[in-house]
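As given, the protein sequences belong to chains X and C, one line each in that order. In this text, residue positions in the first sequence follow the working numbering: the first is 0, and each later residue adds one. In this text, residue positions in the second sequence follow the working numbering: the first is 2, and each later residue adds one.
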Amino acid sequence: MMGNNVFRTLLGAGAILAGLGAAPLAAQTGSGAVPLGDAARGAGLWEQECAACHEMGRGAENGIGPHLNRIFSRRAAGLDDFVYSGSITRMGRDGLRWTYRTLDAYIENPYALVSGTRMSYAGLPDAQDRADLLGYIRQFSDMPEDIPEAEPTARRVEIDLPPEVLAIRGDREWGEYLASECLTCHQRDGAAMGIPSITHWPEDRFVAAMHAYKEGLRPHSVMQNVARRLDNEEIAALAAYFATIDD
Amino acid sequence: MELKRRTILGSMAAGAAILSAPAVLGQTRPRVVVIGGGSGGATAARYIARDSQGAIDVTLVEPTRMYYTCYFSNLYIGGFWELADMGHSYGTLAARHGINVVHDWAVGVDRDAQTVTLAGGDTLPYDRLVISPGIDFREDSVPGWSVAAQNRMPHAYKAGSQSELLKAQMENMREGGTYCMVAPPNPYRCPPGPYERISMVAHVLSERNPTAKILIVDPKENFSKQGLFEDGWARHYPGMIERVGPDFGADNVSVDPEAMTVSIDGVIEQVDVCNVIPGQKAGRIAELAGITDDSGWAPAVPANMKSRMDDKVYILGDAAAQGDMPKSGFSANSQAKVAANSIRHELTDARLFPARYANTCWSLIGTDDGVKVGASYEATEEKIASVEGFISQVGEDADLRRQTYEESIGWYNGIVADMFS
């Protein structure tokens, strides 16, 4: 019985993926095709919604999230040098490709498409917003190197930290012990549902985020409370542990 | 929801395969016995076994094969969650971490011989013992009520069949009837729990039985998150909930389970459902082990959660008298990690780190209306002392309240993974 159910579920998922993969570069709606939206407006949405974790453009690097150059038509979990969640890796292997349709669905509600995704993002409910945002992102898939102004999209600076704070090498074993407090809420495997994923972040980004909570520059009462009693070494230790945590 | 389903399926499969891991490294390994497979015990067993990588022989003694978390059982009563969502088995702890999971009752502890006796007759020797038994009820707490009356007047303060019974009684209550809660005196498990339960009962009754009344008979002057709950009750369930405090005799309460009456300072109230949450004490095995004091709780050393009576015995969670931390699953989980580090340091060459404690308690007041309270704690000589806290505010917007509720579900998935995966 169980085998049967699993088989049926897989078949169902395969059918959905095949359907999504076949969609053209335009959103299909009940009233027909909608063209890509206003890229200029999308640039603002990118800054607001995406730029804290993702980069695009010449020299773009992986950060908390993967870089999104040439995301259109890329296989899901398709970069070799980024650590993805197990869920999205499996879906990429099973055939999920990023098209207008699949990106639109993913941005609308990430957890509905990829339940175990490490992307901590609640979703963008407005269809026009998504069309505009994807219009902007699409430019970096067509010819990222050829776009004259395509320096890497700005990395959001949350907090200016002195170089000596950023230079601290975290004590990973101390970090593992400290991390046990975090793991009461944040999933070790990086699944982000209701509580964000904090695994496999670049250490400097993790350190910046924790100092931003500590200084009250990031809002969240629990996290501010957690961060306020961590010193510089402890934050570095946590960053070192979570950057290399195994599932 | 997907996450939980996968966890449950996975642990079922593992449970069928193996429940008792063989000792592969011989008899020289130090032995840890953990009594109680809840938020304290399961976490401690998992962290000791996982982090010692086989260097410590860990046995977990827990009578039930399926553990139902007490947290979120109110959401089951309110119809937001299924009981099955809160059930967890021990298969992964055995199969993945090599913990000997023994489904039996611990009925005695000989601290001189360093052994635990099980109801089935076995004797387990230990080098370190962790006792995390949760709560038992004080028989004399509410005159007229005893555990024998728990089917007439359920406590539903240990999750499972009691939760099912209370939910059924509430849903089948006569139209316009009275649901009564006799709230517990301090200290007790889950300080906001009774009031979250009232919120969930009111949520169901306001839809199914809108002329019903809810009566809280409360021996305490005030209670956890009181302002937040009272604000929420006025917004979601106006006129439905009445609370009688000690100023009107609620500290002098008795019940008659046969007649379904509650006597408040001599005034008899006829009620239709009566949820008696009695006064509480440490789970009985702590008393049998001789580590409780006159308060009924087991005093703990703040720096490492050792019993103050015996430095080879640790006491975790609700049963511990430790100071300022509330009796919650989050607290027990936090304390377990401190104890696990101390035990690994004493039995192997693991580094010892200073104790750090934290707690957050989320409560649901109505649909998508979540609130939270929490704090960080430090060990002083005298007690575990609160350092700094936070609490949701009255008047927060609906988005923030919904996020807080979603966060509580994220926490639930996080803590059960931290205990059972």
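Just so you know, even glycine gets a beta-carbon here, dropped at the ideal spot from N, CA and C.
Beta-carbon of X/Asn224 versus every beta-carbon of chain C: anything under 8 Å? yes
Taking the straight line between their C-alpha atoms, what separation do you get for C/Ala120 and C/Gly284? 16 Å
Using the beta-carbon of each residue, which ones in chain C are nearer than 7 Å to X/Val113? Here the premise fails: no neighbours, minimum Cβ distance about 10 Å.
Mind listing the chain X neighbours of C/Lys338? Cutoff is C-beta to C-beta under 7 Å, in chain order. Ser179
Closer than 8 Å to chain X by CB, C/Ser377: yes
Would you mind stating whether C/Asn334 and C/Met420 have Cβ atoms separated by less than 8 Å? yes
Going by beta-carbon coordinates alone, are C/Ile242 and C/Ala203 separated by less than 8 Å? yes
Looking at chain X, which residues of the region 353-365 of chain C have a Cβ within less than 7 Å of any of its Cβ atoms? Phe354, Arg357, Ala359, Thr361
State yes or no: is the C-beta of C/Ala45 within less than 8 Å of the C-beta of C/Ala337? yes
Candidates C/Ile215, C/Gly178, C/Asn75, C/His89: closest to C/Pro193 by CA position: C/Asn75
Run of the alpha helix (DSSP H) containing C/Gln336, from where it starts to where it stops: 330-348
Taking C-beta pairs closer than 8 Å, name the residues in chain C that X/Arg187 reaches, listed in chain order. Ala418, Asp419, Ser422
Can you tell me whether C/Ser74 is helix, strand or coil according to DSSP? helix
Which residues in chain C have a C-beta closer than 7 Å to the C-beta of X/Ser220? List them in chain order. Phe391
Below-8 Å beta-carbon distance, C/Phe1 vs any chain X residue: For residue 1 of chain C there is no data in the structure shown, the boundaries of chain C being 2 and 422.
Using 8 Å as the cut-off, can you tell me whether the region 163-180 of chain C makes contact with the region 48-60 of chain C, which would need three or more C-beta pairs spanning the two stretches below that distance? no
Can the beta-carbon of C/Pro134 be found closer than 8 Å to that of C/Gly37? yes
Looking at the structure shown, is X/Trp173 part of a helix, part of a strand, or coil, going by DSSP? helix
Does the structure place the region 105-122 of chain C close enough to the region 254-269 of chain C that three or more beta carbon pairs sit under 8 Å? no
When you compare each of C/Thr368, C/Lys159, C/Gly99, C/Glu382 to C/Gly79 by their alpha carbons, which one comes out closest? C/Thr368
Proximal residues of chain X, C-beta to C-beta of C/Val388 below 7 Å: Arg228
Inter-residue Cα distance where the pair is C/Met326 and X/Val82: 38 Å
Which residues of chain C have a Cβ atom closer than 9 Å to the Cβ of X/Ile167, listed in chain order? Chain C residues near X/Ile167: none, gap ~18 Å exceeds 9 Å.
Within chain C, partners of X/Thr183 - CB distance below 8 Å: Phe331, Asn334, Ser335, Ala359, Trp412, Gly415, Ile416, Asp419
Output, in chain order, the set of chain X residues within a Cβ distance shorter than 9 Å of C/Asn342. Tyr176, Ser179
Which one of C/Val254, C/Asn360, C/Ala322 has the shortest CA to CA distance from C/Ser1? No information on residue 1 of chain C is available, as it lies outside the stretch 2 to 422 that chain C covers here.
Pairwise C-alpha distance: C/Gly233 and C/Ile366: 6 Å
To which residues does DSSP link C/Glu270 through a beta bridge? C/Val263
With distance defined between alpha-carbon atoms, name the residue in C/Arg129, C/Tyr69, C/Val183, C/Thr179 nearest to C/His89. C/Tyr69
Can the beta-carbon of C/Ile278 be found closer than 8 Å to that of C/Tyr158? yes
Counting only beta-carbon separations shorter than 8 Å, does X/Trp173 have a partner in chain C? yes
Counting only the same chain and skipping the five closest in sequence on each side, list residues whose C-beta sits under 8 Å from that of X/Leu132. Gly36, Gly41, Leu44, Trp45, Glu48, Cys49, Ile106, Leu123
Starting from C/Val148 and walking both ways along the alpha helix (DSSP H), at which residues does that stretch end? C/Val148 -> no alpha helix (DSSP H), and no H or E assigned at all.
Under 8 Å Cβ-Cβ, which residues of chain X neighbour C/Gln347? Checking the displayed sequence, the identity of residue 347 of chain C turns out to be Glu instead of Gln. Per Cβ cutoff of 8 Å: no residues; C/Glu347 is ~15 Å from chain X at best.
Residue-chain proximity (X/Met192, chain C), Cβ-Cβ < 8 Å: yes
With H, G and I counted as helix, E and B as strand and the rest as coil, what does DSSP make of C/Val395? coil
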